[in-house]
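Undergrad: Take this structure, written in structure tokens, and hold onto it; I'll ask about it next.
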Amino acid sequence: MSIHDDKPTILRELSHFDGGLVLDGHKDLSTGKPVQPMPAVKQYIVPLQQHIGAISEPLVKVGDRVLKGQMIGRPGDLVSAAVHSPVSGTVTAIEEHAVPHISGLPDLCIFIENDFKDEWVKREPLGDEYNNRSSHQLRNLIRDAGIVGLGGAAFPAAVKQTEMNVHTLILNGVECEPYITCDDMLMREQAEQVLAGADIIGHVIKAQECVIAIEDNKPEAIAAMQAAVERDGTGFFRVQAVPTIYPSGGEKQLIKILTGREVPKGRLPAELNVLVHNVATAHAIHRAVYHDEPLISRIATVTGQGIAQPQNIEVLVGTPVKDCVEFCGGYTPQADELIMGGPMMGFSLPSDDTPLVKASNCLLVMAKDEIHYQQQHMPCIRCGHCVEVCPARLLPQQLYWYASSKNNDRVQEFDLFDCIECGCCAYVCPSDIPLVQYYRAAKTVIRQQERERKASDLARQRHEAHQARLERQKREREERLRKKREMLKDKEKGGEKDSKKAAIAAAIARAQAKKAEARKAQAGATEDKTAETEQEQSQDNTEKPTNP
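Heads up, the sequence shown is in the numbering used here, so the first residue is 1 and it goes up one at a time.
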């Protein structure tokens, strides 16, 4: 049930969120020429964990030949995403390798050697026929295509598109972080495909309108999207420019700007009858439905003073960073730090052997004079600047104290997980404390503890269930033995009764036989006596004289 039963109203006079910063965009560095398709390379490294949720389960083994677009990793759970081969070729290894993650830890990857034949798996595009498919069928298609949020979070798109009827779809084209321009260039060059993808999402969630939000520092993108909306002519779409304030592209911040409403703590935007998707996600959904093409490529910004030719490239997922850098002219002498993402929310990469993944919207190579923060930081002076700029209305300095002292209970009481990791607090900190790093570390520890607790609870439940099963089996076995003993006992008792009856019958039979013999003997004696008497009488008659 929605928090608000009435439909969300997109304000004509926009609202604003708390905090935020006005930053130098450095956008012009990478928007000077059209998006360049990057040529295929020899080897691709495809991580099985490119999304929020459970890791994908590998479907191939070393030595297998795979086709372009073939699913090589299936979703490991409801919240998970499929992984596909970006090229045709041979699986050469399945092993851990460096991946772009804040932890810096390696993860399981599938290595594919490109055969440069570009052989696709069999495809069956839907085209406009998607209108005849149910929401459930389209969500399954989006899930099988491995599509995730391409704004950076990489949350599985199909999971986000719930059954509830969402009134307003918000397409997020704000792209507020400095240096990143991939969404800007996508909207400039492929506006109609973005709208087509949004139309599919609208069909899935039964939306009544779609608002395309774009920061007002992107006039070319605004013009391109507005022209596409006018050509569409359905009245479903509307373009809305929003102020250039960082982080206006945050989901909750954008909803506040457009509707004046706030998503309550622990609730979802869909409960306000709105759903937010990135413009690149909509474009990927269009490709999945109209071309039966899974998410195996994306537009990524390669920029910074450390790159010889900053630009946006269309690149296959799994391409090593070093190949992307080489395609963009290589490193400049000023190159000092390699960052995945932007300067505010991105993180340093230990090596350029790391592959690009679905969430890789930017490769930033910074020179020393571009780096804002210092390697060494000073103690917190409690100036309060971090509180003033926090868009989530948190107390960053308190979070820092509890996170640094590993007081996980208290840090959660101060709403650690409401932090969107935008980096505003660290940007204004006069002590150069890397605050977001502390928050991320605390979140990682707490999540790990929660996973361990759940695993422990599950193990305990399984143990208890196992013990209960053993006890039940023991009782059942004892009951069977008891019944068997009773049956044997009854049988033995029945046998004793039968033997007694037989003995009695035998005794009776013997007695009757004796009586019969006695009667027989008596009868024989009587007969003998009668015969003897008759004989004597006969003799007497013989001896008696005859009268003359």
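C-beta: ideal position from N, C-alpha, C; glycine also.
Can you tell me whether Glu113 is helix, strand or coil according to DSSP?
TA: Strand at Glu113.
Undergrad: How far does the beta strand (DSSP E) with Arg139 in it extend, from its first residue to its last?
TA: Counting along the chain, Arg139 falls outside any beta strand (DSSP E), though it belongs to the alpha helix (DSSP H) covering Ser135 to Asp144.
Undergrad: Please name the residue in Ala403, Arg462, Gly19 and Ala288 whose C-alpha comes closest to that of Val436.
TA: The residue with the shortest Cα to Cα distance from Val436 is Ala403.
Undergrad: Under the three-state reduction of DSSP, which class applies to Arg261: helix, strand or coil?
TA: Reduced to three states, the DSSP call for Arg261 is coil.
Undergrad: Look at the alpha carbon of Gln253 and the alpha carbon of Thr92, and state the distance between them as a whole number of angstroms.
TA: Using only the alpha carbons, I get a separation of about 45 angstroms.
Undergrad: Is the CB-CB distance between Leu338 and Leu349 below 7 angstroms?
TA: A contact, by the Cβ cut-off of 7 angstroms.
Undergrad: Helix, strand or coil, according to DSSP, for Ala93 in the structure here?
TA: Ala93: strand per DSSP, three-state reduction.
Undergrad: Thinking C-alpha only, which one of Gly53, Met38 and Glu230 is nearest Arg451?
TA: The shortest C-alpha separation from Arg451 is found at Gly53.
Undergrad: Taking DSSP as the reference, what is the three-state secondary structure of His277?
TA: Strand, per DSSP.
Undergrad: For the alpha helix (DSSP H) holding Ile205, just list the boundary residues, first then last.
TA: Here the alpha helix (DSSP H) through Ile205 covers Ala191 to Ile205.
Undergrad: Kindly give me the distance between the Cβ atoms of His203 and Asn131, rounded to whole angstroms, as I take these residues to be in contact under 8 angstroms.
TA: So it is a contact: roughly 7 angstroms between Cβ atoms.
Undergrad: To the nearest whole angstrom, what separates the beta carbons of Asp183 and Ala280, a pair I think is in contact under 8 angstroms?
TA: Indeed, because the Cβ distance is near 6 angstroms, the residues count as touching under 8 angstroms.
Undergrad: Evaluate Asp216 with the Cβ neighbour count: other Cβ atoms within 10 Å of its Cβ, from every protein chain shown; 16 or more gives buried, anything less gives exposed.
TA: So Asp216 ends up on the exposed side.
Undergrad: Just list the beta strand (DSSP E) runs in the stretch 290-372, keeping only unbroken ones of 3 residues or longer that don't cross its boundaries, in chain order.
TA: Qualifying beta strand (DSSP E) stretches, in chain order: 297-303, 311-316, 335-340 and 362-367.
Undergrad: Would you check if the distance between the CB atom of Cys324 and the CB atom of Leu363 is smaller than 7 angstroms?
TA: Yes.
Undergrad: Let me check one thing: in DSSP terms, what residues is Cys210 bridge-paired to?
TA: Leu169 and Phe237, per the DSSP bridge assignment.
Undergrad: Rounded to whole angstroms, what's the CA-CA distance from Gln153 to Glu478? Just pull it up for me.
TA: Contrary to the premise, residue 153 reads as Ala rather than Gln in this sequence. Whole-angstrom Cα-Cα distance: 57 angstroms.
Undergrad: Give the DSSP-derived three-state secondary structure of Asp183 in the structure shown.
TA: In this structure, Asp183 counts as helix in the three-state DSSP scheme.
Undergrad: Go ahead and pull the three-state DSSP assignment for His4.
TA: Residue placement at His4 cannot be trusted, given a pLDDT of 47 that sits under 50; what the coordinates show is reported in the next sentence. Coil.
Undergrad: Taking a contact to mean a Cβ-Cβ separation below 7 angstroms, would you say Pro156 touches Val166 in this structure?
TA: Not in contact: Pro156 and Val166 (Cβ atoms no closer than 7 angstroms).
Undergrad: Output needed for Glu96: all residues of its chain with C-beta closer than 8 angstroms, excluding positions within five of it in sequence on either side, in chain order.
TA: Taken in chain order, the residues that qualify are Pro106, Asp107, Leu108 and Cys109.
Undergrad: For His84, does the three-state DSSP call read helix, strand or coil?
TA: Reduced to three states, the DSSP call for His84 is strand.
Undergrad: Kindly identify the DSSP beta-bridge partner or partners of Ala98.
TA: Partner(s): Pro106.
Undergrad: Whose C-alpha, out of Cys419, Lys491, Pro379 and Arg393, is nearest the C-alpha of Trp401?
TA: Ranking the options by Cα distance to Trp401, first place goes to Pro379.
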